[in-house]
Every structure is written in structure tokens, then in C-alpha cells.
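Residue numbering for the sequence shown follows my numbering, starting at 1369 and increasing by one per position.
Even for Gly, the Cβ is constructed at its ideal location relative to N, Cα and C.
The model shown is predicted, which means the values in this text are computed figures rather than measured ones.
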Amino acid sequence: MKFVYDKQVTAPMNFTQLRAFHAVAQTGSFSQAAQHLGVSQPAVTVQIKGLEEALGALLFLRGGTRVELTAEGQHLLGLVPRVLHLLEEMQHSVAATRTLMRGQLRVGVSTPATILGLLALYSSRYPGIDLTLQDGNTSELMDDLDGNRVDVIVTSQLACRKQLFNLPLGRQDLVLVARSDHPLAGEGEIEPRMLERWPVLVREERSVTRAVFMNAMRKAGIKPRIAASLGSREMVKEAAAAGLGLGVVFDGEVGRDTRLSTLRLKVDADLGAEVYLSCRPELAELGSVGALVQLARDEDAGKA
């Protein structure tokens, strides 16, 4: 019997149809295939008919006690095991990612001190998840989140973006760091007018650290003596430790550097910024991102 292929495919084939075809081809029987698959024989018949319509080809010759493969069916049988294996592998892979047995989490961080402890706990709880950390200022990391280069960001923000999911993690306040032998190192707290006399090291444009500092200086009527604009908190601290000036950083970024002393500013202006964990809303309860969000919530509840 010669079969003419119908170029008009009425419906796409699917995984269930391919499994039914493979079972019938292996057993030579619709009833045995149904028993193997745990479904009714009419269900298998429907799946085979749908597959034949989708392919535009007759796959089995019915008659007698055993069904036989057509030439088209024989050709398909050579391909189906590989397709089924790939589809099953895809199912297992997605299931493993969904259950956090494996996967990845890309985290952008502008304030590492607020999140590293949580990430250590996350890594110990989900060892199959590969963590990638990226440093940057808040504006850069927002761009990375928009561009899908990171999954979640932890940043200091003056006002969180309402179109994102935002989980508050705490608050940071600006301080100054001075080399330990700086004339102001032992003061503890200084007047803002001192920053017109002593050189100051600030962060780059678009940095929240810089924005908070400059806003406070404007409100205090002070024009600080800016010695340099630097691209990271580490550069600010290193430059301060080298004696280039007083570095402006958030208090959570100071660390335990014995080369530096911490100074606070006597100002009425707000020197703080909220720290948020932010991501796209649809990811906040899913997969590796959802697990981090839940862990952050649990940790916050434990502190209450």
C-alpha cells in the first residue's frame, strides 16, 4: 500500500502521541500499549490517529492479531526514542530547577555587607544552585536587571521602583572614613563645614552614596572640597587609607579596616538610604529567586 503525504498538517504532534506510538511499535498491539501506558485502548487509538493526521502519514497497518509498521512508521521509530529521551531530559531538568536541585542565581549587589550572610545561608541550603555575584552602583544594577543580565539586585535606594518587587532589608547611613592618623580621626563626629577645608572622596555620578551626600551638603549650605570621584566603595576606602582625603561611604560598607577611623556628620538632613532586594514581580515567588526572597523574609521574621 502506497501512502501519499498530505502537506496540510492539521495539528502539531505532541509528547503523548509519540509515547503512544513508541509503545504500540514496541508491543505490536494497541491493547498491550494501553496496558503499558496505564490508559485505555481507545485513548491510545486517538493518540495514534492524531499523530498520523499531524504527520500526514499512515504509521501502522491494522489487521490480524498484531499491527505492523508501515515504511513511514519504521522511519519514525528510528527517530522517536531520541526525541522521547530529549523530552524526558527536558522534563527532568525543569523539575530539578523548580525543586532547586540545580540552577543558577545571578545577584547584583551595591551593598555586599547586607546580603553576603544571607547568600552564604542560601548556598548551604541549596548547594545545587550556582551563585553569580556582580558588583556595581544602584543605577548600573537597575540597568542590568532591566536587561536580564541579573535575576535579583540588592541596592541602596532613595525611592524604590514600584514596577519591581521590592523587599526592604534594612537601612544604611552615610559616614566618613579617615586615615587613622588623619587630624580628624579621633573626633568621632564633625561639623559639615569641616568638609570645605578638608579634601573629600566621593562616589561616581549616578551613585546613591553620592546623591545622599550631595543632597545633605546642599541642605546644610556647604560646598564640600571634592578631591576625587571614585568608581567603587573599595576605591574610596583605599584612597582614604592612602591619605588622599575623607571618604564618603555607607556605615555598612566600612568593615574592619584598622587603617581607617569612622566619623559621623552633624547634620539635620537625612543621611540614610533604604536597602532593598528587588526583582521582576513574576520571579518573586518562583525558582531560585523565590527561594532567596523567602529566605530573606524568614531571616527578617527571626530577628523580630
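Would you identify the three-state DSSP class for residue i, choosing helix, strand or coil?
| i | result |
| --- | --- |
| valine 1435 | coil |
| histidine 1390 | helix |
| glutamine 1531 | coil |
| valine 1477 | strand |
| glutamate 1642 | strand |
| serine 1678 | The shown model of the chain, from 1369 to 1672, leaves out residue 1678, and the question about it has no answer. |
| arginine 1493 | helix |
| serine 1597 | strand |
| glycine 1418 | helix |
| valine 1570 | strand |
| aspartate 1512 | helix |
| lysine 1375 | Residue confidence for lysine 1375 is low, a pLDDT of 48 falling below 50, so the modelled location carries little weight; the figure read from the coordinates is stated next. Coil, per DSSP. |
| leucine 1486 | helix |
| leucine 1429 | strand |
| leucine 1654 | coil |
Rounded to the nearest angstrom, how far is the Cβ of residue i from that of residue j, given a contact under 8 angstroms?
| i | j | result |
| --- | --- | --- |
| valine 1545 | leucine 1639 | So it is not a contact: roughly 14 angstroms between Cβ atoms. |
| leucine 1526 | valine 1570 | In fact, because the Cβ distance is near 16 angstroms, the residues do not count as touching under 8 angstroms. |
| glycine 1599 | alanine 1608 | Not quite, the Cβ-Cβ distance comes to about 15 angstroms (not below 8 angstroms), so this is no contact. |
| glycine 1476 | valine 1518 | 4 angstroms |
| leucine 1405 | arginine 1387 | 7 angstroms |
| valine 1520 | serine 1646 | 7 angstroms |
| leucine 1468 | isoleucine 1497 | 6 angstroms |
| leucine 1427 | leucine 1444 | 6 angstroms |
| arginine 1692 | serine 1524 | Here the chain covers residues 1369 to 1672 and nothing more, so residue 1692 does not appear. |
| valine 1643 | glutamine 1531 | No, valine 1643 and glutamine 1531 are not in contact; Cβ-Cβ is about 19 angstroms, not under 8 angstroms. |
| alanine 1664 | leucine 1486 | 6 angstroms |
Hey, out of the options, whose CA is closest to residue i's CA?
| i | options | result |
| --- | --- | --- |
| leucine 1473 | Glu1456, Pro1495, Gln1459 | Pro1495 |
| valine 1522 | Leu1654, Asn1516, Asp1503 | Asp1503 |
| arginine 1627 | Ala1610, Thr1384, Ala1595, Val1518 | Ala1610 |
| valine 1543 | Phe1389, Met1381, Val1617, Glu1440 | Val1617 |
| glutamate 1555 | Gln1662, Leu1660, Ser1656, Leu1631 | Leu1631 |
| leucine 1563 | Ile1497, Leu1633, Ser1491, Leu1419 | Leu1633 |
| proline 1355 | Arg1565, Gly1538, Gln1385, Ala1422 | Here the chain comprises residues numbered 1369 to 1672, so residue 1355 is not present and cannot be evaluated. |
| methionine 1510 | Asn1534, Ser1491, Ala1659 | Asn1534 |
| serine 1548 | Asp1625, Glu1667, Arg1561 | Asp1625 |
| glutamine 1415 | His1390, Glu1650, Leu1484, Arg1593 | His1390 |
| threonine 1413 | Val1392, Met1603, Gly1658 | Val1392 |
| glycine 1396 | Val1435, Gln1385, Glu1421 | Val1435 |
| threonine 1479 | Asp1512, Ala1439, Leu1537, Gln1400 | Leu1537 |
Per DSSP, which residues does residue i bridge with? Please list them.
| i | result |
| --- | --- |
| leucine 1628 | Arg1547 |
| phenylalanine 1618 | Leu1542 |
| aspartate 1668 | Answer is none; aspartate 1668 lacks a bridge partner. |
| aspartate 1498 | Gln1472 |
| leucine 1447 | Per DSSP, none; premise fails for leucine 1447. |
| leucine 1633 | Ile1558 |
Check whether the Cβ of residue i sits closer than 7 angstroms to any heavy atom of the ligand NAD, and report yes or no.
| i | result |
| --- | --- |
| glutamine 1472 | The ligand NAD is absent from the structure shown, which contains no ligands of any kind. |
Segments assigned beta strand (DSSP E), at least 3 residues, entirely inside the stretch 1518-1562: 1520-1525, 1533-1547
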